[in-house]
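With my numbering applied, the sequence shown covers 10 to 59. The beta carbon of each residue, even a glycine, is placed where N, CA and C say it ideally should be. Notes to accompany the following structure.
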Amino acid sequence: MRYQPTLGTLGYVISPDRRDVLLLHRNIRSNDHHLGKYVGLGSVWLKLAG
């Protein structure tokens, strides 16, 4: 199987004084591959048919 990267975007929400960044802590699902890690806000780009 050929590796197919997924195109996505990642954004950071920074406090006005630029000292704090909003991150999500992945700590709910026990079968989560990223359990215990902190991640930024992002989404996946989907290719539309047509």
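Does DSSP put residue i in a helix, a strand or coil?
i	result
GLY17	strand
TYR12	coil
ILE23	strand
LEU33	strand
SER39	coil
Would you mind giving the Cβ-Cβ distance between residue i and residue j, rounded to the nearest angstrom? I have them listed as a contact below 8 angstroms.
i	j	result
GLY49	LEU19	5 angstroms
Going by the CB atoms, is the gap between residue j and residue i shorter than 8 angstroms?
i	j	result
VAL22	LEU31	yes
ARG35	ASP41	yes
So, for residue i: in the same chain, excluding its five sequence neighbours on each side, which residues have a beta-carbon less than 7 angstroms away from its beta-carbon?
i	result
GLY51	GLY17, THR18, LEU19, GLY20
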